[in-house]
Amino acid sequence: LITLAASGISGCAVSVIHHCNTGALATVDYGTALGIIRIAHEQGKQIHAFLDETRPRLQGASLSAYELKAYGIPHTVIVDGASGYVMKTQKIDACLVGCDRVAANGDVANKIGTYNLAIVAKAHGVPFYVACPLSTLDRSLGSGDAISIEERAAQEITHIQNHPIAPEGTQTFNPAFDVTPHRYVTAIITEKGIAYPPYRDSLAALAALPG
6 LITLAASGIS
16 GCAVSVIHHC
26 NTGALATVDY
36 GTALGIIRIA
46 HEQGKQIHAF
56 LDETRPRLQG
66 ASLSAYELKA
76 YGIPHTVIVD
86 GASGYVMKTQ
96 KIDACLVGCD
106 RVAANGDVAN
116 KIGTYNLAIV
126 AKAHGVPFYV
136 ACPLSTLDRS
146 LGSGDAISIE
156 ERAAQEITHI
166 QNHPIAPEGT
176 QTFNPAFDVT
186 PHRYVTAIIT
196 EKGIAYPPYR
206 DSLAALAALP
216 G
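Count along the sequence shown from 1, then add 5; that gives the number in our numbering.
The structure is reproduced here in structure tokens:
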């Protein structure tokens with residue numbers, strides 16, 4: 006999975022935006038999307054990662070930044086709302102994210118904020134790639150509309166380290182994930198190959214390949 010995708014990164018300097026954490030701390034071994042960045046770096050390719058902080062749990066600012074610092078990979082942490090400005094003012098070659106679930110039509114569920122990032126990427130003509138194992142694919146789900154989204158505690162967004170940042174009693178809405186429609190996804194990278202639109206056909210073909 007990782008080597009396949011990393012081999013597609015050219016020898017020139019590449020900048021990517023990454024959301025949440027998809028490395029060794031989130032999965033196993035190299036991880037998924039962050040693992041592609043790591044392998045590209047190990048192959049001597051010049052790669053710079055802009056890391057969304059990923060509110061409210063800050064997995065990008067804490068976990069992803071920690072991993073990339075440990076590997077010596079150039080990176081910059083940005084607030085989630087800065088991705089559009091970064092795409093406009095910096096040379097961003099791609100967005101690279103993981104996901105928790107893929108529907109048969111290629112809709113992907115991932116950490117909240119992924120959908121926003123995909124829309125902004127589309128507006129700026131930046132390719133949006135999803136990296137995941139095929140075990141993430143649930144072909145029983147016709148589309149992402151069938152994916153149940155967890156809603157988490159209000160305190161995650163009304164407090165920081167137990168210190169309130171919003172008035173007491175403030176109403177909140179705190180979904181942990183969102184669903185990015187397949188029309189915003191350039192390709193889905195898996196351990197058996199890369200799926201391109203139309204995803205219902207390409208994902209089914211990859212899933213049918215021997216182990």
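The C-beta atom is built at its ideal place from N, Cα and C for all residues, glycine as well.
Based on the DSSP secondary-structure assignment, which residues constitute the bridge partners of residue i?
i	result
C169	For the sequence presented, residue 169 should be read as Pro rather than Cys. Looking at the DSSP assignment, P169 forms a beta bridge with H164.
D57	I83
N121	N121 is not bridged to any residue.
D143	A108
S20	H53
L101	H23, Y134
V113	V107, T185
E155	Answer is none; E155 lacks a bridge partner.
Enumerate in chain order the residues of its own chain whose CB-to-CB distance from residue i is below 7 Å, with the five nearest sequence positions on each side excluded.
i	result
S85	First, the amino acid is wrong: residue 85 is Asp here, not Ser. Once the five neighbours on either side are set aside, the close Cβ partners of D85 are D57, E58, T59, R60, G118.
L139	T195, E196, K197, L211, A212
N110	G147, S148, H187, Y204, R205
L73	A54, H80
Looking at residue i: is its Cβ nearer than 8 Å to the Cβ of residue j?
i	j	result
R188	T141	no
F133	T191	yes
C137	G174	no
Q64	C25	yes
A123	R157	no
Please list the terminal residues of the continuous beta strand (DSSP E) segment that includes residue i.
i	result
D183	182–185
Kindly list the residues whose CB is nearer than 6 Å to the CB of residue i, restricted to its own chain and excluding five residues on each side of it in sequence; keep chain order.
i	result
S20	H53, K96, I97, D98
V184	D112, A114, G149, I152
A108	L146, S148, G149
P202	none
I193	V135, A200
M92	H129, V131
Sorted by chain position, which residues of the same chain lie with C-beta nearer than 8 Å to residue i's C-beta, five sequence neighbours on each side aside?
i	result
G89	V125, A128, H129
Can you give me the start and stop residues for the alpha helix (DSSP H) that residue i sits inside?
i	result
Y76	70–76
A38	38–47
K93	88–94
Compute the minimum distance between the beta carbon of residue i and the heavy atoms of the ligand ZN, and state whether it is under 7 Å.
i	result
A212	Among the components modelled here there is no ligand, and therefore nothing to report on the ligand ZN.
Practice prompt. Write down every uninterrupted run of the alpha helix (DSSP H) in the stretch 185–213 whose length is 4 residues or greater and which is fully enclosed by it, in chain order.
Written response: Within the stretch 185–213, the complete alpha helix (DSSP H) runs of at least 4 residues are 204–213.
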